[in-house]
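Asks: Questions regarding the structure given below will be posed in turn.
Protein chains in written order, with the numbering used here: chain A, 304 to 504; chain B, 304 to 504.
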């Protein structure tokens, strides 16, 4: 049976064994970071930001540059820029994926980042983690054809294939723990208040 | 006062005037598409997909290639690929934005695509649409330090600057209508069921 600290890598207790870097995770620094935020909770307050500019039609471009957190302002290693558009079948020009496809990317990448960290914290070497995400949506919502159909996805399904030097059950627990601590999974399943303001003229 | 069809570009009635392409939107085809889905509701059933592969640490890469809808299978004009990671301050290597930043991109680009379409449907020429999105998050949730802090964003704020050949009030109505029909806004504010399955070994 695992110790409680092995069950949850994000415990604030010291892990049962000395954490070592693995899976590309600097595990000692990860534990030190958790300890620092525990000692100074205000270090955990982050603000992420994006700036979007309309190009034409349904095509727009978002820049992601800086964020605040851990008591200061940070810039990403480089500026990230992403296009989104509608495909031809939805009367766009396919200059990027649709906005709803980026939700699938956000979900898969958040769960997978957690799996990387949690596996390292539990001393499990990962060989491979792959996931597919599917989202079902009835466009009669956004097209305004039916008021009984919601605008967004009806449901999302994530399927993981995971291989590592641990029994299947332990790998499954790592995925379960990642879901239990995923920021994107939380936002998508529970929702978040969104305020929209407009400066027109 | 506007006619009902001018209020909602996604009405299934014929617009009061002949729609013309504008803002890069093929407005006649947009109305024809809405008419087609109204006549054959099953055309509105879409499934979007993404495939993600873990790279190392918190770094993963998502491919977005095909989707189904409008009665068939479709490929994007090209394969889209996106990296996500955690920044150094969160013990990652900053090989891409964080997953939660992609939520901001999804939200801004969805609302902006709607603005492009709705303005065209209402005969408004857009000059400029820019938005910033901010998300507040307390990382004590995902770090497992506090069970009272949620994992995801506490709140999101979207601020639009919009310019076009219409009074401010009409531009504001276009933004409001986009929000009312946004797939991403719906998912983020109302949540969606997410099923996670694992094939381990």
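Quick reminder that beta carbons are idealized off the backbone N, C-alpha and C, glycines included.
How about residue 337/B: is its C-beta nearer than 8 angstroms to some C-beta of chain A?
Replies: It does: the Cβ of residue 337/B has a partner Cβ on chain A nearer than 8 angstroms.
Asks: Hey, how far is the Cα of residue 464/B from the Cα of residue 322/A?
Replies: Cα to Cα, the separation comes out at about 48 angstroms.
Asks: Might you give, ordered along the chain, the residues of its own chain that have their beta carbon closer than 6 angstroms to the beta carbon of residue 499/B, omitting 5 neighbours on each side?
Replies: So the list is empty, once near-sequence residues are dropped.
Asks: For residue 504/A, count neighbouring Cβ atoms within 10 angstroms of its own Cβ and tell me buried if that reaches 16, exposed if not.
Replies: Residue 504/A should be labelled exposed.
Asks: Using a C-beta cutoff of 8 angstroms, does residue 322/A count as contacting chain B?
Replies: Not one chain B Cβ lies under 8 angstroms of residue 322/A.
Asks: Helix, strand or coil for residue 354/B? Go by DSSP, reduced to three states.
Replies: Note: residue 354/B maps to strand in three-state DSSP.
Asks: In the DSSP assignment, what residue or residues form a beta bridge with residue 439/A?
Replies: BP columns for residue 439/A point to 458/A, 350/B.
Asks: Just to confirm before moving on: does the CB-CB distance between residue 328/B and residue 411/B stay below 8 angstroms?
Replies: No, Cβ-Cβ distance for residue 328/B and residue 411/B is not below 8 angstroms.
Asks: Name the residues in the segment 479-494 of chain B whose C-beta lies less than 7 angstroms from a C-beta of chain A; which are they?
Replies: Listed in sequence order: 482, 484, 485, 486, 487, 488, 489, 490, 491, 492, 493, 494.
Asks: Would you give the residue range spanned by the beta strand (DSSP E) that residue 382/A belongs to?
Replies: That run of the beta strand (DSSP E) goes 375-387.
Asks: For the segment 442-463 of chain A, which residues have a CB atom closer than 9 angstroms to at least one CB atom of chain B, in sequence order?
Replies: Those would be 442, 443, 444, 445, 446, 447, 448, 449, 452, 453, 454, 455, 456, 457, 458, 459, 460, 461, 462, 463, in chain order.
Asks: Find the residues of chain B that neighbour residue 475/A, judging by a C-beta separation of less than 8 angstroms, and give them in chain order.
Replies: Going along chain B in sequence order, the residues near residue 475/A (Cβ under 8 angstroms) are 501, 503.
Asks: Taking Cβ-Cβ distances below 9 angstroms as the criterion, which residues of the segment 395-417 of chain B are in contact with chain A?
Replies: Going along the segment 395-417 of chain B in chain order, one finds 395, 396, 397, 398, 399, 400, 401, 402, 403, 404, 405, 406, 407, 408, 409, 410, 411, 412, 413, 414, 415, 416, 417 with a Cβ nearer than 9 angstroms to chain A.
Asks: Please name the residue or residues paired with residue 365/B in a DSSP beta bridge.
Replies: Its beta-bridge partners are 355/B, 385/B.
Asks: Measure the alpha-carbon distance for residue 413/B versus residue 432/A and round it to whole angstroms.
Replies: Their Cα atoms are separated by approximately 29 angstroms.
Asks: Counting pairs of Cβ atoms below 8 angstroms between the segment 431-449 of chain B and the segment 449-456 of chain A, do you hit three or more?
Replies: With the cut-off at 8 angstroms, the segment 431-449 of chain B and the segment 449-456 of chain A do not touch.
Asks: Strictly below 7 angstroms CB to CB, what residues from chain A border residue 329/B?
Replies: The answer, in chain order, is 394.
Asks: List the residues of chain B whose Cβ lies closer than 7 angstroms to the Cβ of residue 421/A, in chain order.
Replies: Those do not exist, as residue 421/A stays about 10 angstroms from chain B at its closest Cβ, beyond 7 angstroms.
Asks: Can you tell me where the beta strand (DSSP E) with residue 501/B in it begins and where it stops?
Replies: Where residue 501/B is concerned, the enclosing beta strand (DSSP E) stretches over 497-503.
Asks: Between residue 427/A and chain B, is there a C-beta pair that is closer than 8 angstroms?
Replies: Judged by the 8 angstroms Cβ criterion, residue 427/A is not in contact with chain B.
Asks: Just to make sure I have the definition right: I need the residues of chain B whose C-beta is within less than 8 angstroms of the C-beta of residue 439/A. Which are they?
Replies: Here the neighbours are 348, 349, 350.
Asks: Just to confirm, is the Cβ distance from residue 475/A to residue 501/B under 8 angstroms?
Replies: Yes, the Cβ-Cβ distance between residue 475/A and residue 501/B is below 8 angstroms.
Asks: Run through chain A and tell me which residues come within less than 8 angstroms of residue 353/B, C-beta to C-beta.
Replies: In chain order: 404, 407, 408, 411, 435, 436.
Asks: Residue 326/A: buried (16+ other C-beta within 10 angstroms of its C-beta) or exposed?
Replies: Burial call: buried.
Asks: If you measure between the beta carbons of residue 366/A and residue 353/A, is that distance less than 8 angstroms?
Replies: Against a cut-off of 8 angstroms, the Cβ pair of residue 353/A and residue 366/A comes out as a contact.
Asks: Got a sec: is the Cβ-Cβ distance from residue 359/B to anything in chain A below 8 angstroms?
Replies: Closer than 8 angstroms: yes.
Asks: Helix, strand or coil: which one does DSSP assign to residue 371/B?
Replies: Residue 371/B: strand per DSSP, three-state reduction.
Asks: Identify the residues that DSSP records as bridge partners of residue 467/B: which are they?
Replies: Answer by DSSP bridge pairing, in chain order: 429/B.
Asks: What distance in whole Å lies between the Cβ atoms of residue 357/A and residue 419/B, which are believed to be in contact at a cut-off of 8 angstroms?
Replies: Sure, about 6 angstroms apart at Cβ, within 8 angstroms.
Asks: Taking Cβ-Cβ distances shorter than 9 angstroms, what residues in chain B pair up with residue 387/A?
Replies: Correct list: 408, 409, 411, 412, 413, 415, 416.
Asks: What does residue 373/A reach in chain D if we use C-beta pairs closer than 7 angstroms?
Replies: In the displayed structure, chain D is absent; the protein chains listed are A and B.
Asks: Helix, strand or coil: which one does DSSP assign to residue 323/A?
Replies: Note: residue 323/A maps to coil in three-state DSSP.
Asks: Bridge partners for residue 328/A per DSSP, in chain order?
Replies: DSSP output for residue 328/A lists 325/A as bridge partner(s).
Asks: Residue 424/B CB to nearest chain A CB: under 8 angstroms?
Replies: Not closer than 8 angstroms to any Cβ of chain A, the Cβ of residue 424/B fails to qualify, so no.
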